[in-house]
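Written below as structure tokens is the structure these notes are about.
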Amino acid sequence: GGGTGGAAAIAQQAANQAKAAQAAQGAAAYQAAQQASATLAAQASQAAQQAQAVVAAKQAQAAQITQAAQAAQAAAQSEATLAAQVSQATQAVESTKVQAVQQAQALAAAAQAAQNHAAQAAAALQAVQAVQAAQAQMAYQAQQNAQALAAKQQAALADLAAAQAAANKASSAAAAAQANIRGYGHGGH
Numbered sequence: 001g002g003g004t005g006g007a008a009a010i011a012q013q014a015a016n017q018a019k020a021a022q023a024a025q026g027a028a029a030y031q032a033a034q035q036a037s038a039t040l041a042a043q044a045s046q047a048a049q050q051a052q053a054v055v056a057a058k059q060a061q062a063a064q065i066t067q068a069a070q071a072a073q074a075a076a077q078s079e080a081t082l083a084a085q086v087s088q089a090t091q092a093v094e095s096t097k098v099q100a101v102q103q104a105q106a107l108a109a110a111a112q113a114a115q116n117h118a119a120q121a122a123a124a125l126q127a128v129q130a131v132q133a134a135q136a137q138m139a140y141q142a143q144q145n146a147q148a149l150a151a152k153q154q155a156a157l158a159d160l161a162a163a164q165a166a167a168n169k170a171s172s173a174a175a176a177a178q179a180n181i182r183g184y185g186h187g188g189h
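FYI, the numbering for the sequence shown is 1 to 189, going by the UniProt record's numbering.
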């Protein structure tokens, strides 16, 4: 029975050793598992940090893009406002040009009318000058006629005076002759 007992003891010892080995193996496995978990946890934490950094970068990028989009929107609005102002200015210039053209046409018409008026006035002046010249000629002619008549009048008056003097002399001579005849007749008786 001793041999059997010895075998049992050996088996028991082997079992104990196996259990111890299993325990040791389990401890090692646990430790390995712990280390693996710690490594994984560290990796996971690092990955999470990296992901967080990526998110932060993306957020910053998104913020920049948003800012750029807002700036572009503001620029577009500013350009649109400027375009509207330029359009208004263009319309104002166009309107001014139309007015200027109308004024130029009105002035051209006025100039034409003034030119026509000046031509009429020049024609009227020529006509008046012609009448004046004819009138001056007639006045000169009338003056000449008046002078000629005055000269004739003087000649006629001189002629008349001479005739009157001759008549007076003839009368005196006739009276003297008459007196002489009478005197002679009385003297003869």
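Where a beta carbon is used, it is the ideal one built from N, C-alpha and C, also for glycine.
Straight-line gap, residue i to residue j (C-alpha atoms, nearest Å)
i	j	result
Ala-28	Ala-62	49 Å
Asn-116	Thr-90	39 Å
Ala-38	Ala-47	14 Å
Ala-7	Gln-25	26 Å
Ala-167	Asn-180	20 Å
Gly-183	Ala-176	10 Å
Ala-150	Leu-125	36 Å
Leu-82	Lys-97	22 Å
Gln-43	Ala-53	15 Å
Ala-163	Gln-178	22 Å
Ala-36	Ile-65	42 Å
Ala-104	Ala-119	22 Å
Gln-17	Ala-33	23 Å
Ala-170	Lys-152	26 Å
Ala-173	Asn-145	41 Å
Gln-49	Ala-60	16 Å
Any C-beta of chain B under 9 Å from that of residue i
i	result
Gln-17	The structure shown has no chain B; it contains just one protein chain.
Return the chain-ordered ranges of every beta strand (DSSP E) run that is complete within the region 69-128 and spans a minimum of 3 residues. none
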